[in-house]
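Protein chains in written order, with our numbering: chain A, 1 to 284; chain B, 285 to 590. We put the CB at the ideal spot given by N, CA and C, even for glycine. On a predicted model such as this, the values are computed, not experimentally measured, just so you know. Note sheet for the following structure.
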Amino acid sequence: MTQPIEQEITRSRRRPINATLIVGAVLVGVIVATAAVSLVWTPQAPMRVLSTEAYQRPNAEFWLGTDRLRRDVFTQILLGARTTLLVGIVAVGVAALIGVPLGILAAMSAGWFGQLIMRSNDILLAFPALLLAIMFAAIYGGSTQVAMVAIGIATIPSFARVTRASALSVLRTEYVTAARAAGRGPVAIAVRHVLPNVASLVIVQASVAFAIAILAEAALAYLGLGTPTGQPSWGRMLYEAQSTLRSAPHLVLIPGIAIAWSVLGFNLLGDGLRDYLDPKLEDR
Amino acid sequence: MPACTRWAPIPHPGMGHAMTEPILKLTDVRREFRRPRTSLRTPPPVVRAVNGVNLEVAPGERLGIVGESGSGKSTLLRLLSGLDQPTSGQIEVQGRRVDGQSSRQLKWLRETMQLVFQDPMSSLDPRMRVRDIIAEPLVAAGMSAAGKREERVVTLLQSVGLPKDAIDRYPHQFSGGQRQRISVARALAPQPKILVADEPVSALDVSVRAQVLNLIDNVVEGFDLTLIFVSHDLSVVRHVCDRVAVMRRGEFVEVAPTEELFADPQHAYTKQLIAAIPTLSAALGGRTAAALADEVNQQAGGENRD
Chain A
1 MTQPIEQEIT RSRRRPINAT LIVGAVLVGV IVATAAVSLV WTPQAPMRVL STEAYQRPNA
61 EFWLGTDRLR RDVFTQILLG ARTTLLVGIV AVGVAALIGV PLGILAAMSA GWFGQLIMRS
121 NDILLAFPAL LLAIMFAAIY GGSTQVAMVA IGIATIPSFA RVTRASALSV LRTEYVTAAR
181 AAGRGPVAIA VRHVLPNVAS LVIVQASVAF AIAILAEAAL AYLGLGTPTG QPSWGRMLYE
241 AQSTLRSAPH LVLIPGIAIA WSVLGFNLLG DGLRDYLDPK LEDR
Chain B
285 MPACTRWAPI PHPGMGHAMT EPILKLTDVR REFRRPRTSL RTPPPVVRAV NGVNLEVAPG
345 ERLGIVGESG SGKSTLLRLL SGLDQPTSGQ IEVQGRRVDG QSSRQLKWLR ETMQLVFQDP
405 MSSLDPRMRV RDIIAEPLVA AGMSAAGKRE ERVVTLLQSV GLPKDAIDRY PHQFSGGQRQ
465 RISVARALAP QPKILVADEP VSALDVSVRA QVLNLIDNVV EGFDLTLIFV SHDLSVVRHV
525 CDRVAVMRRG EFVEVAPTEE LFADPQHAYT KQLIAAIPTL SAALGGRTAA ALADEVNQQA
585 GGENRD
């Protein structure tokens, strides 16, 4: 543990990068690149109805074929990546921005207030993300924005829970006692000590929540409650193609693969980050 | 209540503090912890972690508090540093009350009394640079000028024997002994009058213990501090303290000047602790800790037990 020679300062050890992390990062990287490309270039004008045949199989002109309304599938996949990432970012952002402070607050307030936060958290946790989103869609109408916020709100409890659990263990450390003995107030301790030390777990949680949000958005769009007609969404594409499952299976397969790809990517990224950022591997 | 308590004259003669006001004064301090109920019919069991401690420490004195784990040493430290509230009793530092005060009211105490903790692995925030760790008490004390802070941090690093370039490093880049030096530097930052050290060397390799002990010795000397040094190891306390309080089951069983305590221990428990120090002569003389344990239990027979 300690170095026999006192004056020697050890160099920072690099942590090993695992295979899961690499695969996850590559899969996610492809999605991000796809979304970025769609900002500057798409094979056809976005969502335009072309003067060509419907239900074309993938070919040289239309790389992934055309759909029922004679739109280019590849263009829709590119644009759909944008929607997917936007939904993930907003949903996870809403969840983390509310859930993390709530979790820290609950950990730091020992009495009834902390209990109140966690019990209301439990109530929210009882509602599946999808059910909450359907309720929101019923009230506010189906749109990408409503879906994003609803998924975000439904994800708050998982962030609050993870944050509270690790904040509790951070608050028990001697460096927090040292900070109190140094005269730091609760806000300074929360911001300067607790937050940086729970950040790695929150990042892991975020990438897993991202995958769940993508799936939820696709499911909502599939049910016709999320992204409306005329806007690109992978879930929407699935919904529109289900009636032609037998005659044009590629219209279901292609967005299906895209969804599976991104969900797998974010899950692997989360797993890989968990190992990579594991505080137990640190320091020693 | 124990009948066997021997109180050294406080402040004791020969120390030169006889006329001065105590810098730290504890009057019948108690701290009880309520355990979870074991039965609905009986009240929850109470643990008396600190059970009626009286103490006066003169400015410049080096007091050691010794006792086995669970004897209430750490609870006592938390009480006198205002991190915990006593169930009853009074704690005064420089004549000002510490007990019953909110953390905001204790700001003055943070600049008067500082702590060095036991485990150098967990007492430094792994995500902070040394510059921020050492400057933390300065920030808390309201020193807002970053340049001035850095100047002070560099001076502090020098006074604990660390190189200047340590300032931008993280705790995990240091060995246990070096981390404890950082810890001491942090404690010195607000220019305290009292340094409280909670087992500062027990987590360290034997090879670096002496270095850290010497460091504490030097800073107490150089900065004219009062030292409260807690340890379970009498030999360590002997090295740095001039008076020792022996603690057992939340009470001081013996308080005496260090040499007197070693030369003529009064309480059987003190004898046992001294015998537990592994020395050649003790081993040759056949006096072992095990042999003395019975004697302690006999003497402690009259004490109340929970």
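Buried versus exposed, by CB contacts within 10 Å (16 or more), M135 of chain A:
Exposed: under 16 other Cβ atoms inside 10 Å.
Give the straight-line distance between the Cα atoms of R527 of chain B and V504 of chain B, rounded to the nearest whole angstrom.
Using only the alpha carbons, I get a separation of about 15 Å.
In the DSSP assignment, find the unbroken beta strand (DSSP E) run with P541 of chain B in it and report its ends.
535-541 is the extent of the beta strand (DSSP E) around P541 of chain B.
So what does DSSP say about G265 of chain A, is it helix, strand or coil?
It is helical.
Expressed to the nearest angstrom, what Euclidean distance is found between the alpha-carbon atoms of R394 of chain B and V438 of chain B?
Taking the straight line from one Cα to the other gives about 21 Å.
Strictly under 8 Å for the Cβ-Cβ distance: is E174 of chain A near chain B by that measure?
Among the residues facing chain B, E174 of chain A is included, as its CB has a counterpart in that chain under 8 Å away.
Tell me the rounded alpha-carbon separation between S120 of chain A and E538 of chain B.
Computed Cα separation, rounded: 53 Å.
Mark T326 of chain B as exposed unless 16 or more other C-beta atoms lie within 10 angstroms of its C-beta, in which case mark it buried.
Answer is exposed; the Cβ neighbour count stays below 16.
Stretch pair the segment 468-487 of chain B + the segment 418-426 of chain B: three plus CB contacts closer than 8 Å:
Judged by Cβ distances under 8 Å, the segment 468-487 of chain B makes contact with the segment 418-426 of chain B, as three or more pairs qualify.
Is it true that the CB of Y276 of chain A sits closer than 8 Å to the CB of I17 of chain A?
In terms of Cβ geometry, I17 of chain A and Y276 of chain A form a close pair [threshold 8 Å].
Check whether L220 of chain A and G235 of chain A have beta carbons under 8 Å apart
If you check the CB distance, L220 of chain A and G235 of chain A come in under 8 Å.
State yes or no: is the beta carbon of E6 of chain A nearer than 8 Å to at least one beta carbon in chain B?
Low local confidence applies: a pLDDT of 43 at E6 of chain A is under 50, so the model's placement there is unreliable, with the coordinate-based value given in what follows. Chain B places a beta carbon closer than 8 Å to that of E6 of chain A, counting this residue as a contact.
What does the Cβ neighbour count give for F266 of chain A, buried or exposed, with the cut at 16 atoms within 10 Å?
Counting Cβ neighbours within 10 Å, F266 of chain A comes out buried, since at least 16 surround it.
Residue range of the unbroken alpha helix (DSSP H) whose run includes R394 of chain B:
Looking at the DSSP string, the run of the alpha helix (DSSP H) that includes R394 of chain B is 391-396.
Per DSSP, what are the beta-bridge partners of K309 of chain B in this structure?
Per DSSP, B:E340, B:E376.
Whole-angstrom C-beta distance between Q402 of chain B and S459 of chain B, which should lie under 8 Å
Not quite, the Cβ-Cβ distance comes to about 16 Å (not below 8 Å), so this is no contact.
The segment 480-513 of chain B: positions lying closer than 7 Å to chain A by Cβ:
Look at the segment 480-513 of chain B: the residues with a C-beta under 7 Å from a C-beta of chain A are L488, D489, S491, V492, Q495.
Label G634 of chain B either buried or exposed according to how many other C-beta atoms from any shown protein chain fall within 10 Å of its C-beta, with 16 as the threshold for buried.
Because chain B in this structure spans residues 285 to 590, residue 634 of chain B falls outside the shown range and cannot be described.
With 16 other Cβ atoms within 10 Å as the buried cut-off, status of G665 of chain B:
No information on residue 665 of chain B is available, as it lies outside the stretch 285 to 590 that chain B covers here.
Does N18 of chain A come out as helix, strand or coil in the three-state DSSP assignment?
In the displayed model, N18 of chain A falls within coil according to three-state DSSP, outside both helix and strand.
Quick one, are the C-beta atoms of V58 of chain A and L64 of chain A less than 8 Å apart?
Correcting the residue type first, residue 58 of chain A is Pro in the shown sequence and not Val. The Cβ-Cβ distance between P58 of chain A and L64 of chain A falls below 8 Å.
Residues that DSSP places opposite S515 of chain B in a beta bridge
For S515 of chain B, which the question treats as bridged, DSSP gives the partners B:V350.
For P196 of chain A, go through chain B and note every residue whose CB falls closer than 7 Å to its CB, in chain order.
Result: R411.
Counting C-beta neighbours from all protein chains within 10 Å, is the total for Y140 of chain A 16 or more, i.e. buried, or is it exposed?
Exposed.
Closer than 7 Å by C-beta to N338 of chain B: which residues in its own chain qualify, once you throw out the five before and the five after it? Chain order, please.
Residues L310, T311, D312 of the same chain have their beta carbon placed closer than 7 Å to that of N338 of chain B, with the five preceding and five following residues left out of the count.
For F401 of chain B, go through chain A and note every residue whose CB falls closer than 9 Å to its CB, in chain order.
E174, Y175, T177, A178, A181, listed in chain order.
CA nearest to the CA of G183 of chain A, picked from B:G356, B:I417, B:M405, B:E316
Of the candidates B:G356, B:I417, B:M405, B:E316, B:I417 places its Cα closest to the Cα of G183 of chain A.
Cβ neighbour criterion (16 or more within 10 Å) applied to V28 of chain A:
Buried, since its Cβ has 16 or more Cβ neighbours within 10 Å.
Scan the segment 366-387 of chain B for residues whose Cβ lies nearer than 9 Å to a Cβ of chain D and list them as they occur along the chain.
The displayed structure is made up of protein chains A and B, and chain D is not among them.
Shortest alpha-carbon distance to A248 of chain A belongs to which of A:T52, A:V37, A:Q56, A:I22?
A check of alpha carbon separations from A248 of chain A across A:T52, A:V37, A:Q56, A:I22 identifies A:Q56 as the nearest.
Give me the Cα-Cα distance between L446 of chain B and S467 of chain B, rounded to the nearest whole angstrom.
Those two C-alpha atoms are separated by around 12 Å.
Alpha helix (DSSP H) segment containing I478 of chain B, residue limits:
Note, I478 of chain B: premise wrong, no alpha helix (DSSP H); beta strand (DSSP E) at 478-482.
For my contact list, V350 of chain B and L308 of chain B are in at a C-beta cut-off of 8 Å; report their separation, rounded to the angstrom.
Taking a contact as a CB-CB distance under 8 Å, the pair V350 of chain B and L308 of chain B does not count as one, their CB atoms being some 17 Å apart.
When the cut-off is 8 Å and only beta carbons count, does E420 of chain B lie next to chain A?
True, the Cβ-Cβ gap to chain A drops below 8 Å.
Quick check: what's the CA-CA separation for E352 of chain B versus K555 of chain B?
In this structure, the CA atom of E352 of chain B is about 13 Å from the CA atom of K555 of chain B.
Is A333 of chain B close to chain A? Criterion is C-beta to C-beta, closer than 8 Å.
Cβ-Cβ to chain A under 8 Å: no for A333 of chain B.
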